Ligand code: TMP
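In my numbering, the protein residues as written are 409 to 615.
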């Protein structure tokens, strides 16, 4: 049995963590050895870097330092959690991965997509998911979900304008469109269990 590396991507508030939990439960029921994880984080070292990234003032890090911290967290996560799990045949379900760095850091902060991929080659030997799901919601729904989340207290990375979120969605869409074999785009506005079923249907050939 070979491991599978599956990532969920998208803007804030599209329901990735809910989906990861539901997918893990469904796959475990089918007898799959599942590891769920997230970025930034997913290993003790990467979780420590997450705290550096997610707390403090907006200008705590400049764009280059921030991109390097995400890449460093990812390198540790890949080496200590993801590769060992894949090697033993587990399916790794990961909430965000390098495509989040491409969407968030690779456009707008003086770093190009090629720069981010270079950092990824150095840090994580260029590991890419077998399948990536882009969860999408319309701008109005995204704004509504975000305001609920912000009312609960936004973190350093999450406190971005609606305009920024719209540009982010466009970048994710372009990244997915450029690599159609790896990506599936799933409309995530409906009921959570319908979204889970849509994702599972795409994974069915591997089960
Ligand atoms: P989340 O746990 O709500 O998904 O928050 C992670 C935040 O960090 C989110 O705002 C996206 C951001 N992020 C990046 O900017 N670059 C990255 O590479 C990753 C993994 C996350």
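All C-beta atoms in this analysis are idealised placements derived from N, C-alpha and C, irrespective of residue type, glycine included. Source: prediction; values computed, not measured.
Listed in chain order, the beta strand (DSSP E) elements of length 3 or more contained wholly in the segment 451-534 are 499-503.
Residue range 547-559 is occupied by the alpha helix (DSSP H) that includes residue 556. Nearest neighbour of residue 611 by Cα position, chosen from 580, 539, 571, turns out to be 539. With respect to the C-alpha of residue 427, the residue from 571, 445, 440 having the closest C-alpha is 445. Where residue 443 is concerned, there is no enclosing alpha helix (DSSP H), although the beta strand (DSSP E) around it starts and stops at 442-446.
Spatial neighbours of residue 432 in its own chain (CB-CB distance under 8 Å, excluding positions within 5 residues in sequence) are listed in chain order as 442, 444, 501. Put simply, of 546, 580, 552 the residue whose alpha carbon is nearest the alpha carbon of residue 596 is 546. Residue environment for residue 479: buried (at least 16 other C-beta atoms within 10 angstroms of its C-beta).
Residue range 591-595 is occupied by the beta strand (DSSP E) that includes residue 594.
Taking all protein chains in view, the Cβ of residue 508 is crowded by 16 or more other Cβ atoms within 10 Å, so the residue is classified as buried. Within its own chain, the residues whose Cβ lies closer than 7 Å to the Cβ of residue 436, once the five positions on either side in sequence are excluded, are 442, listed in chain order. In the three-state reduction of the DSSP assignment, residue 435 falls in the helix class.
Of the candidates 537, 518, 510, 510 places its Cα closest to the Cα of residue 525. Burial check for residue 543: the Cβ neighbour count within 10 Å reaches 16 or more, so the residue is buried. About 17 Å separates the CB atoms of residue 503 and residue 564; that is not less than 8 Å, and the two are not in contact. Here residue 605 carries a helix assignment [DSSP, helix/strand/coil]. With a 10 Å radius around the Cβ and a threshold of 16 neighbouring Cβ atoms, residue 474 comes out buried. The bridge partners DSSP lists for residue 413 are 500.
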